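A.B. asks: Once you've had a glance at the structure underneath, I'll fire off some questions.
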Amino acid sequence: MKIGIVGGGPGGLYLALLLKKHDPSHEVRLVEQNPPDATYGWGIVFSGRALSFLEETDPDSFADIDRCLERWDDQAIVHRDQKVVIDGFGFSGMSRLELLRILQEHCRRHGVQMRFQQRLTDLSLFRDCDLVVGADGVNSVVRDLYAAHFQPSAEVLTNKYVWYGTTKVFDMLTLTFRTNEHGAFVAHHYRHSPHQSTFVVECDAETWANAGFAFMSEEESRAYCERVFAPDLDGHPLLSNRSLWINYRAITNQRWSYRNIVLLGDALRTVHFSIGSGTRMALEDAIHLFHALRDTPDVPTALQRFEETRRPGVERFLGVAARSFVWYEHFRDKLHLDPLPFAYDYVMRTGLIEHAKLRERSPRFAAAYEAYMASR
Ligand SMILES: Cc1cc2nc3c(=O)[nH]c(=O)nc-3n(C[C@H](O)[C@H](O)[C@H](O)COP(=O)(O)OP(=O)(O)OC[C@H]3O[C@@H](n4cnc5c(N)ncnc54)[C@H](O)[C@@H]3O)c2cc1C
96 MKIGIVGGGP GGLYLALLLK KHDPSHEVRL VEQNPPDATY GWGIVFSGRA LSFLEETDPD
156 SFADIDRCLE RWDDQAIVHR DQKVVIDGFG FSGMSRLELL RILQEHCRRH GVQMRFQQRL
216 TDLSLFRDCD LVVGADGVNS VVRDLYAAHF QPSAEVLTNK YVWYGTTKVF DMLTLTFRTN
276 EHGAFVAHHY RHSPHQSTFV VECDAETWAN AGFAFMSEEE SRAYCERVFA PDLDGHPLLS
336 NRSLWINYRA ITNQRWSYRN IVLLGDALRT VHFSIGSGTR MALEDAIHLF HALRDTPDVP
396 TALQRFEETR RPGVERFLGV AARSFVWYEH FRDKLHLDPL PFAYDYVMRT GLIEHAKLRE
456 RSPRFAAAYE AYMASR
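As numbered in this note's numbering, the sequence shown has no gaps in its residue numbers, which increase by one up to the final residue, 471.
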C-alpha cells in the first residue's frame, strides 16, 4: 500500500512508524514543513505517570521515550503565595523536540520516507497513494481543502495564552495564580527535562487588554510575564520561541474521512492543554487508525472502523476538556476563595471525580480540605 502523510508531529510520525514497521512492503511517505530539529513550544505533559499504551503498541520506541520522561506523583496549586499539594495526581512530561527526534529516528530505521521543509498546499504529491492522512495540526491544510466534506467547526475561547520555556526546574506540575493592577494570570508550569521547564501563561481578555499586550513586542510581553511571575521564577528567565499570544480554538469535525483521506490528531480535533492530553490523543488516534488498517481488508472499511472505534472515547474526553476550559475562562471569578477551597474547586472542575473517590486518590489533600471546612 502507498501511504502519504501530511505533517510530522507526534501523530503523523507515530502512524508512519507503526504502519511501516508492521508491513515493510508499505511505501510510507511523510512531508513536514519544518526542519527536523525545529518545533514550536517546549515540553508536553501526559496525564498519568504510566504510558502503558505506548509500551504495548511499540516497545522499542517506548524504551527511548521512557528514558526521557520526567515523572511526578503530585500536582500543586499556588494561590495567594500558598502552595497546595494535590497528592495522587501524577503526570509525566518530556521535551516535544526530544519526542519528535525519537519518532523520526525510529521512522528512519524502518524506512519511512520523510521529507522536511516542504509545505503542502494541495495533495497532488500523494496522487498515487491508497491512503492520505492529514496529520497537519490545528491549522490543517488537508481539513481546509476538503472543508465541505469534513465540516469542521471551531469555538474560539476568549482567554489568551502564550507558551514559554524557562531554565527554572520545577518539582511538579504546578498552576500558579498571580494578580496585579491589570488583572489575573495563571501559569501552567512543569519541568520537561532535567534542565528546563515549560511555562504557559494564560489570562482573560480584559486582563490582556488592560496590560496592553496588543501593543507589545514579543520581547516586551516576555519581560512583562517575567515580572508577574518573578516570585516563582527565582531569577530565572522566561525563554521565547516564537512565543506569541493566541486564543485556543476548540476544533471538531463532523466527518473524519473523505474518500481515501483521513484526519488525525489536532487536525481532527484539538484538546485543551489544561488537561495535558493533546499529544496523547494524537498518538492514540495513530494507534486506532493503525489497528483499523491492519485488521480490515480495504481502506474505506478501515476508515469507517477507525471512526466507529475511536469517536465515542474522543467525544467523552472532549466533554471533560470543555468543562476544564470553561473553568479557566472564569478562574478570575474564583480568586476570592481561600487556597484550599480554590484548589478543591479546580480538582472538581471536570466532574470526573467525586469526593469519595478523591479521598482514595488524594488522601492528604482530601483530609486537608475536610479539616478546612470543619474549621469554618
Ligand atoms: C499551549 C499549548 C500547550 C500544549 N500542551 C500540551 C501538553 O502539555 N501535553 C500534550 O499532550 N499536548 C499539549 N498540547 C497539544 C499538542 O501540542 C498537540 O495536541 C499535539 O502536538 C498534536 O499532535 P499532532 O501530530 O496532531 O499535530 P502537531 O504536533 O501540531 O503536528 C502537525 C505537524 O504538521 C506540520 N504541518 C502543518 N501544515 C503542514 C503542511 N501544509 N505541510 C507540511 N507540514 C505541515 C506542522 O509543522 C507540524 O509539525 C499543547 C498545545 C498548546 C497549543
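The C-beta atom is built at its ideal place from N, Cα and C for all residues, glycine as well.
Given the structure is predicted, the values throughout are model-derived calculations rather than measurements.
Which term fits H450, buried or exposed, when burial requires 16 or more other beta carbons within 10 angstroms of its beta carbon?
C.D. replies: exposed
A.B. asks: Cα separation between D390 and K116?
C.D. replies: 15 Å
A.B. asks: Assuming contact is defined by CB atoms lying nearer than 8 Å, are A387 and H367 in contact in what I supplied?
C.D. replies: Going by C-beta atoms, A387 is not nearer than 8 Å to H367.
A.B. asks: Under three-state DSSP, which class holds H121?
C.D. replies: Note: H121 maps to coil in three-state DSSP.
A.B. asks: Could you tell me how far apart the beta carbons of D361 and V233 are, in whole angstroms, since I believe they sit closer than 8 Å?
C.D. replies: 5 Å
A.B. asks: Could you give the C-beta distance for E301 and G330, rounded to a whole number, given that I count them as a contact under 8 Å?
C.D. replies: Between G330 and E301 the Cβ distance is about 30 Å, and since that is not below 8 Å, they are no contact.
A.B. asks: Just to confirm before moving on: does the CB-CB distance between F221 and Y353 stay below 8 Å?
C.D. replies: No, the pair does not count as a contact, with Cβ atoms beyond the cut-off.
A.B. asks: Smallest Cα separation from R350: which of I181, E403 and Y464?
C.D. replies: E403
A.B. asks: Based on Cα-Cα distance, which residue from F460, K255 and L270 lies nearest to S316?
C.D. replies: K255
A.B. asks: Using three-state DSSP, classify S147 as helix, strand or coil.
C.D. replies: helix
A.B. asks: Would the C-beta of S288 count as close to ligand 1, meaning under 7 Å from any of its heavy atoms?
C.D. replies: No - ligand 1 has no heavy atom lying nearer than 7 Å to the Cβ of S288.
A.B. asks: As an exercise, report each continuous alpha helix (DSSP H) stretch of at least 4 residues that is fully enclosed by the region 368-445, in chain order.
C.D. replies: Whole alpha helix (DSSP H) segments, 4+ residues: 373-390, 394-424 and 434-442.
A.B. asks: Could you tell me if the beta carbon of W484 falls within a distance shorter than 7 Å of some heavy atom in ligand 1?
C.D. replies: With the chain covering only 96 through 471, there is no way to say anything about residue 484.
A.B. asks: Would the C-beta of V264 count as close to ligand 1, meaning under 7 Å from any of its heavy atoms?
C.D. replies: no
A.B. asks: Would you call the region 403-413 in contact with the region 146-154, where contact means no fewer than 3 C-beta pairs closer than 8 Å?
C.D. replies: Verdict: no, contact absent.
A.B. asks: How would you call P247, buried or exposed, if buried means at least 16 neighbouring beta carbons within 10 angstroms?
C.D. replies: buried
A.B. asks: Return yes when the Cβ of G99 is within less than 8 Å of the Cβ of H287, no when it is not.
C.D. replies: no
A.B. asks: May I ask you to check if the CB of T391 is nearer than 7 Å to at least one heavy atom of ligand 1?
C.D. replies: Relative to the non-hydrogen atoms of ligand 1, the Cβ of T391 never comes closer than 7 Å to any of them.
A.B. asks: Can you tell which of A249, L453 and N129 has its C-alpha closest to the C-alpha of Q213?
C.D. replies: N129
A.B. asks: Is Y86 near ligand 1 - that is, is its Cβ less than 7 Å away from at least one heavy atom of it?
C.D. replies: A question about residue 86 goes unanswered here, because the residues of the chain that appear run from 96 up to 471.
A.B. asks: Below 8 Å, can you find three or more Cβ-Cβ pairs linking the region 320-329 to the region 235-244?
C.D. replies: Here the region 320-329 makes no contact with the region 235-244; the two share fewer than three CB pairs at distances below 8 Å.
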